[in-house]
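Following the working numbering, the numbering of the sequence shown begins with 230 at its first residue and continues without gaps.
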Amino acid sequence: MTAIEYAMFRILRLFRKLPINILGFGNRKVIFSEYFKDFEKVEAVKGIFGDKTTEVLSNLTVEISWIFGYMYVDGSDGHLVISKGYLNNGDKTDIYLDLIHELCHVKQFMEGKELFDPKYDYVDRPTEIEAYRYCIQEARRLGLSEERICCYLRTEWMSDYDFKRLAKSINVSC
Ligand SMILES: [Zn+2]
230 MTAIEYAMFR ILRLFRKLPI NILGFGNRKV IFSEYFKDFE KVEAVKGIFG
280 DKTTEVLSNL TVEISWIFGY MYVDGSDGHL VISKGYLNNG DKTDIYLDLI
330 HELCHVKQFM EGKELFDPKY DYVDRPTEIE AYRYCIQEAR RLGLSEERIC
380 CYLRTEWMSD YDFKRLAKSI NVSC
């Protein structure tokens with residue numbers, strides 16, 4: 230097994246612990262550490278919260294929602310909102326990296342930072358740059374190629390121009 234296969238195996242194992250039945254109507258609220266098992270043992274997550282990792286994850290509310298899209302941190306109380314469709318059908322590596330990214334926002338929220346500061350465009354916002362840098366560092370540690378990382382960064386709602394600016398400011402050559 231190559232290093233990258235092993236890294237992917239570890240990620241998939243994290244997701245195998247997801248409760249299978251997340252159907253049902255309406256949005257459902259769960260606790261992060263009860264839903265995503267063993268994330269408190271992931272080095273990249275410990276790198277965000279340090280000694281407080283277990284405490285933070287067991288107090289973090291996750292809303293599994295019918296929203297279209299991916300996931301985000303709610304700026305009013307710092308809880309995590311995840312699209313049910315994305316969780317069910319999205320690429321597990323992408324979801325893992327998104328979770329790392331969003332957990333950075335959770336930390337920023339706890340520090341009192343403004344997550345959606347309208348003074349900045351999305352790709353220039355310091356909180357986004359920090360979260361992207363951190364999750365890309367994890368992507369590289371896992372052994373993802375630059376091409377795969379670019380693929381991860383490219384989303385349909387981001388213009389080509391913004392995508393290139395973002396890639397440049399987080400030192401990814403796309
Ligand atoms: Zn973000």
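Glycine included, every Cβ here is placed at the ideal spot set by N, Cα and C.
| query | result |
| --- | --- |
| Quick check: the Cα distance between I256 and S294, rounded to an integer number of angstroms? | One detail in the question is off: residue 256 reads as Asn in this sequence, not Ile. Approximately 5 Å, taken between the alpha carbons. |
| Would you say E269 touches ligand 1, meaning its beta carbon is less than 7 Å from a heavy atom? | no |
| Once the 5 residues before and after K321 are set aside, which same chain residues still bring their CB inside 7 Å of it? | I240, L241, F244 |
| At a cut-off of 7 Å, is A360 close to ligand 1 when judged by its beta-carbon and the heavy atoms of the ligand? | yes |
| Along the chain, which unbroken stretches of the alpha helix (DSSP H) at least 4 residues long are found entirely within the region 245 to 316? | 261 to 264, 272 to 278, 282 to 286 |
| Between which two residues does the alpha helix (DSSP H) containing I378 stretch? | 375 to 382 |
| Got a sec? Which residues, its chain only, sit under 6 Å from Y315 by beta carbon, not counting five neighbours each side? | Y299 |
| Pull up the CB-CB distance for I329 and I358, whole angstroms please, since I reckon it's below 8 Å. | No, I329 and I358 are not in contact; Cβ-Cβ is about 15 Å, not under 8 Å. |
| With a threshold of 7 Å, establish whether the CB of E284 neighbours any heavy atom of ligand 3. | No copy of ligand 3 occurs in the structure displayed; its ligands are ligand 1 alone. |
| Kindly list the residues whose CB is nearer than 6 Å to the CB of D391, restricted to its own chain and excluding five residues on each side of it in sequence; keep chain order. | V352 |
| Excluding the 5 residues flanking A232 on each side, which residues of the same chain have their C-beta closer than 7 Å to its C-beta? | G372 |
| With hydrogens ignored, establish whether the beta-carbon of E357 is closer than 7 Å to any heavy atom of ligand 1. | yes |
| Give a yes or no on whether the C-beta atoms belonging to K336 and I277 are separated by under 8 Å. | yes |
| Quick check on the DSSP output: the alpha helix (DSSP H) that includes M339 runs from which residue to which? | 321 to 339 |
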